[in-house]
Structures are given as structure tokens and as C-alpha cells.
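Visitor: Residue numbers (our numbering): 222 to 352.
We treat Cβ as the ideally placed atom computed from N, Cα and C, and that holds for glycine.
Take this structure first; my questions come after.
Structure (C-alpha cells):
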């Protein structure tokens, strides 16, 4: 369930960034001008990262013992975080790449969790040693 929430949160974050330039003039009229602040975006991204980490750790610990979903999550968050350091023309691509990596991490975690039975102690050690 946390993976589905993480996918939704990452998608909403991307939607926020993509639609913000279009909606920016209307935000003060709606009392939502705080949504245009970069700090709000970073807070939302950090919440997404924390919830994603919890979801991935749950799947890692209970089922699959694979680390690569974490790599995708953290690289996606880093790419998304750095979008303000590139030109305005490149920002939509950074948003797309970062969000895609975050969503991919959750989808892979879901797939790994659904393909495994709950690990016994012996199975988890043998899988972890194989990585």
C-alpha cells in the first residue's frame, strides 16, 4: 500500500511542477500562493523520499532483499532536487526523469514483493549473499 501511495505522491509532485507555470497567475486569487515556493516543493519531495524509503525498506526486509529499488529512489530524488540548477528549458526533462525513477522504484518494489514469499531466515541470507 505504501508503494501505491509513493507512486501517487511522486506523480502529484511532478504534476505540481508541470502545471505550476500555467496556474501561477491564479494562485494568489485562490489563496494558494505558497504552492509556488521552492521550499514547498522541497518539503513535498522530502516527504515523498521518506515515505518511499519506508515502503522500500518494508519490501526489502520482509520479502526480496534487493537494494536496487533504493538506488532508483535516491537517484530520482537527487535528479528532481537538482532541477532548479539547470535551464528552464531542461526542467521538464529533469522532472520527468526524476519522477520516472521514483515511480519505477515503487513499481519494482511491488513486483519483487509480489514475486516472493515471505523470506525465511535461511532464504534471505542466501539471496543477500547472491547480490
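1) My output table needs one value for residue 298: the three-state DSSP class, helix, strand or coil.
2) Span of the alpha helix (DSSP H) holding residue 274?
3) Could you say if the segment 317-327 and the segment 293-303 meet the contact criterion of at least three C-beta pairs nearer than 8 Å?
4) Distance check for residue 291 and residue 225, CA to CA, integer angstroms please.
5) If you measure between the beta carbons of residue 284 and residue 236, is that distance less than 8 Å?
6) Can residue 320 and residue 289 be called in contact, C-beta distance under 8 Å?
7) Could you tell me the distance, in whole angstroms, from the CA atom of residue 270 to the CA atom of residue 313?
8) Exposed or buried, which one is residue 229 when buried takes at least 16 other CB atoms within 10 Å?
9) Exposed or buried, residue 252, counting other C-beta atoms within 10 Å across all chains shown (16 or more means buried)?
10) By Cβ distance below 7 Å, which residues in the same chain neighbour residue 233 in space, the five residues on each side in sequence not counted?
11) For residue 330 versus residue 276, is the C-beta spacing smaller than 8 Å?
12) Given a threshold of 16 other Cβ atoms within 10 Å of its Cβ, counted over all protein chains shown, does residue 304 qualify as buried or as exposed?
Guide: In terms of the structure at hand:
1) Residue numbering aside, residue 298 sits at position 77 when the chain shown is read from its first letter. The answer is helix: DSSP assigns residue 298 an H, G or I state.
2) Position 53 of the chain shown holds residue 274. It spans 259-280 - the alpha helix (DSSP H) in which residue 274 sits, taken as one unbroken run.
3) Per the Cβ contact rule, the segment 317-327 is in contact with the segment 293-303 (3 or more Cβ pairs under 8 Å).
4) Taking the chain shown and counting its residues from 1, the one referred to as residue 225 is at position 4. Taking the chain shown and counting its residues from 1, the one referred to as residue 291 is at position 70. C-alpha separation (whole angstroms): 16 Å.
5) Against the chain shown, residue 284 aligns to sequence position 63. Against the chain shown, residue 236 aligns to sequence position 15. Between residue 284 and residue 236, the CB-CB gap reaches or exceeds 8 Å.
6) Within the chain shown, the letter at position 99 stands for residue 320. Within the chain shown, the letter at position 68 stands for residue 289. Result no, Cβ atoms of residue 320 and residue 289 do not sit closer than 8 Å.
7) Reading the chain shown from its first residue, position 49 is the one you call residue 270. Reading the chain shown from its first residue, position 92 is the one you call residue 313. Taking the straight line from one Cα to the other gives about 20 Å.
8) Mapped onto the chain shown, residue 229 falls at position 8. By the neighbour-count rule (16 or more Cβ atoms within 10 Å), residue 229 is not buried but exposed.
9) Stepping through the chain shown from its first residue, residue 252 is reached at position 31. Residue 252 sits exposed, since fewer than 16 C-beta atoms from the chains shown fall within 10 Å of its C-beta.
10) Position 12 of the chain shown holds residue 233. Within the same chain, residue 233 has no close Cβ partners at all.
11) Translated into the one-based positions of the chain shown, residue 330 becomes position 109. Translated into the one-based positions of the chain shown, residue 276 becomes position 55. Cβ atoms of residue 330 and residue 276: closer than 8 Å.
12) In the chain shown, residue 304 corresponds to position 83, counting from 1. Buried.
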